[in-house]
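Step one of this worksheet: look at the structure below.
Protein chains in written order, with the numbering used here: chain Z, 72 to 219; chain L, 352 to 659.
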């Protein structure tokens with residue numbers, strides 16, 4: 072069973088599309104939504120579903136394979152590798168920080184006070200699901216479009 | 352080996368004196384999706400018509416799949432599909448008629464594909480084309496072009512006049528064409544730059560009849576940035592320039608540039624200037640395009656002329 076991957080391609084992010092795909096698949100692995108052995112969509116399926124050029128998907132998959140995140144099994148498709156490297160704490164924080172930096176710049180330009188910025192972030196986290204945005208829930212990361 | 356689409360030193364003027372295409376070089380390799388962008392009147396339509404052999408060049412060469420289409424036999428021409436801006440189908444015919452009639456001329460005609468596209472787009476199979484809305488007539492023309500299972504597809508603003516859903520379907524059927532069999536090579540002109548970010552492998556900016564900038568979409572997304580530096584005083588320091596700037600404007604203490612930032616450290620020098628605050632923003636293709644042309648010199652009168 073191929074899980075339905077919700078990848079979000081942001082044309083406005085300035086991040087190459089293959090990179091956005093790679094980052095999000097890695098985040099799914101890091102968050103254990105995708106586990107070792109899980110099948111991921113074929114190049115054809117993903118290209119059609121996201122309306123992106125198939126060569127872009129090929130590039131993302133090739134890079135992910137090179138990094139040991141996925142493996143291709145002949146005639147069967149692509150799977151999350153048994154020893155898919157988890158994101159380190161530093162990588163998680165790095166990914167988050169890139170987006171946060173952009174947010175900080177824009178908030179400064181707009182003269183939005185810091186408490187308001189924090190409120191907005193909290194609201195966006197809540198919007199992603201009931202488990203998010205509560206005080207007790209440690210916020211690990213919730214990056215949709217990825218960075219780099 | 353020569354690329355699938357090859358133009359070299361291509362030039363074309365019209366009797367009214369308009370120089371529509373002027374020294375165009377263009378190389379598109381197998382399996383590429385190349386987006387041609389540019390202002391109205393930049394020469395995109397004429398370039399495509401020259402490549403299709405619908406116009407004869409004044410100079411230079413235009414070849415598709417290894418030969419000029421101006422005098423190519425039918426077997427060669429039918430490997431290439433072309434959708435013009437003003438596609439005229441015989442509009443008293445229905446898709447069914449066209450399927451039967453047109454199919455005879457093509458070796459690789461795929462009736463099943465045409466039916467499936469028509470079904471997917473809710474195009475009536477038995478009504479005359481003239482009864483279809485403008486957008487649906489365009490989709491019908493595109494479906495017929497794709498039913499020939501071409502190896503090369505040239506599209507002149509294919510999404511013009513389509514609603515967002517139809518546009519997405521158009522993109523998806525182009526991706527389908529890329530995935531089918533041995534794939535295909537696509538050259539399209541468009542003003543819808545968001546679509547190109549997903550679809551295109553390379554983009555060329557056309558101006559005054561030739562390509563003035565060209566790059567891999569991925570590379571542009573990674574490196575093209577809008578960099579803004581705000582100084583503390585009333586003006587920016589004399590001789591100040593943002594490293595990597597391609598276009599630059601300055602207003603009092605604010606300097607803004609379209610810059611190629613290959614490495615963030617490239618900006619470290621200006622980050623450490625006293626009183627300078629540096630902001631770096633990613634750019635969409637659309638913003639890049641606008642920035643590119645915003646500060647261009649006033650353009651000559653030939654620019655407003657429509658090539659055909």
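Glycine included, every Cβ here is placed at the ideal spot set by N, Cα and C.
Just so it is clear, the structure is predicted and the values come from calculations on it, not from any experiment.
Interface partners of residue 630 of chain L on chain Z, CB under 7 Å: The answer, in chain order, is 176.
Terminal residues of the alpha helix (DSSP H) in which residue 450 of chain L lies: That run of the alpha helix (DSSP H) goes 446 to 454.
Bridge-paired residues (DSSP) for residue 591 of chain L: BP columns for residue 591 of chain L are empty, so no partner.
C-beta contact flag for residue 375 of chain L and residue 507 of chain L at 8 Å: No, the pair does not count as a contact, with Cβ atoms beyond the cut-off.
Same chain, Cβ closer than 7 Å to residue 359 of chain L, five either side skipped, listed in chain order: 376, 411 and 412, listed in sequence order.
8 Å Cβ cut-off: residues of chain Z touching residue 633 of chain L: Neighbourhood of residue 633 of chain L in chain Z, by CB distance below 8 Å: 83, 84, 85 and 86, in chain order.
Sufficient close CB pairs (3 or more, under 8 Å) joining the segment 535 to 555 of chain L to the segment 377 to 384 of chain L: At 8 Å Cβ cutoff, the stretches touch.
Opening and closing residue of the alpha helix (DSSP H) in which residue 132 of chain Z lies: For residue 132 of chain Z, the enclosing alpha helix (DSSP H) has its first and last residue at 125 to 137.
At least 3 beta-carbon pairs within less than 8 Å: the segment 474 to 481 of chain L vs the segment 442 to 462 of chain L: With the rule of 3 Cβ pairs closer than 8 Å, the segment 474 to 481 of chain L counts as touching the segment 442 to 462 of chain L.
Test: residue 215 of chain Z CB closer than 8 Å to a CB of chain L: At residue 215 of chain Z the pLDDT is 37, less than 50, meaning the model places this residue with poor confidence; the figure from the coordinates comes in the next sentence. Answer no: the Cβ-Cβ gap between residue 215 of chain Z and chain L never drops below 8 Å.
Chain Z residues whose Cβ lies nearer than 8 Å to that of residue 527 of chain L: Chain Z residues near residue 527 of chain L: 119.
CB of residue 633 of chain L within 8 Å of CB of residue 598 of chain L, strictly: No, the pair does not count as a contact, with Cβ atoms beyond the cut-off.
Alpha-carbon spacing of residue 589 of chain L relative to residue 602 of chain L, whole angstroms: When rounded, the distance between both Cα atoms is 13 Å.
Length of the line joining the Cα atoms of residue 429 of chain L and residue 509 of chain L: Using only the alpha carbons, I get a separation of about 19 Å.
Spatial distance of residue 593 of chain L from residue 582 of chain L (CA atoms): Answer to the nearest angstrom: the Cα atoms are 13 Å apart.
Partners in chain Z for residue 545 of chain L, counting only beta-carbon separations shorter than 9 Å: Per Cβ cutoff of 9 Å: 82 and 83.
Residues sharing a beta bridge with residue 633 of chain L, DSSP: Bridge partners of residue 633 of chain L: L/576.
Listed by chain order, chain Z residues near residue 382 of chain L by CB distance under 8 Å: Those within 8 Å of residue 382 of chain L in chain Z are 126.
Contact set between residue 522 of chain L and chain Z, taken where Cβ atoms lie within less than 7 Å: Ordered by position in chain Z, the residues that pass the 7 Å Cβ test against residue 522 of chain L are 122.
Distance between residue 558 of chain L and residue 656 of chain L (C-alpha atoms, nearest Å): In this predicted model, residue 656 of chain L has a pLDDT of only 42, less than 50, meaning its place in the structure is not dependable; the value taken from the coordinates is given anyway. In a straight line, the C-alpha of residue 656 of chain L is about 13 Å away from that of residue 558 of chain L.
For residue 566 of chain L, the first and last residue of its enclosing beta strand (DSSP E): Run containing residue 566 of chain L: 561 to 567, per the beta strand (DSSP E) assignment.
Listed by chain order, chain Z residues near residue 548 of chain L by CB distance under 8 Å: Near residue 548 of chain L (Cβ distances below 8 Å), the residues of chain Z are 82 and 88.
Beta-ladder partner(s) of residue 542 of chain L, from DSSP: In the DSSP output, where bridge partners are listed per residue, residue 542 of chain L has none listed.
DSSP-derived helix/strand/coil call for residue 431 of chain L: In the structure shown, residue 431 of chain L sits in a strand (DSSP, three-state: E or B).
Span separating the alpha-carbon of residue 79 of chain Z from that of residue 86 of chain Z: Residue 79 of chain Z and residue 86 of chain Z: Cα-Cα distance of roughly 12 Å.
Secondary structure of residue 352 of chain L, DSSP reduced to three states: Three-state result, residue 352 of chain L: coil.
Test: residue 115 of chain Z CB closer than 8 Å to a CB of chain L: Yes, contact with chain L.
Nearest neighbour of residue 189 of chain Z, chosen from Z/121, Z/171 and Z/199 [CA to CA]: Each of Z/121, Z/171 and Z/199 was checked against the Cα of residue 189 of chain Z, and the nearest Cα belongs to Z/171.
Any beta strand (DSSP E) of 3 or more consecutive residues that is wholly inside the segment 467 to 536 of chain L: List check, beta strand (DSSP E) in window: 503 to 507.
When L/585, L/554, L/561 and L/563 are compared against residue 571 of chain L, the one with the closest alpha-carbon: Taking only the C-alpha atoms, the option nearest residue 571 of chain L is L/554.
Inter-stretch contact at 8 Å, needing at least 3 Cβ pairs: the segment 143 to 162 of chain Z / the segment 563 to 570 of chain L: Judged by Cβ distances under 8 Å, the segment 143 to 162 of chain Z makes no contact with the segment 563 to 570 of chain L, as fewer than three pairs qualify.
Minimum Cβ-Cβ distance from residue 600 of chain L to chain Z less than 8 Å: By this cut-off, residue 600 of chain L is not an interface position.
Any chain Z beta carbon closer than 8 Å to residue 572 of chain L: Yes - at least one Cβ of chain Z is within 8 Å of the one on residue 572 of chain L.
Closest by C-alpha distance to residue 427 of chain L, when choosing among L/488, L/485 and L/456: The residue among L/488, L/485 and L/456 with its C-alpha nearest the C-alpha of residue 427 of chain L is L/456.
Residue 87 of chain Z, DSSP secondary structure in three states: Reduced to three states, the DSSP call for residue 87 of chain Z is coil.
Straight-line gap, residue 114 of chain Z to residue 371 of chain L (C-alpha atoms, nearest Å): Whole-angstrom Cα-Cα distance: 40 Å.
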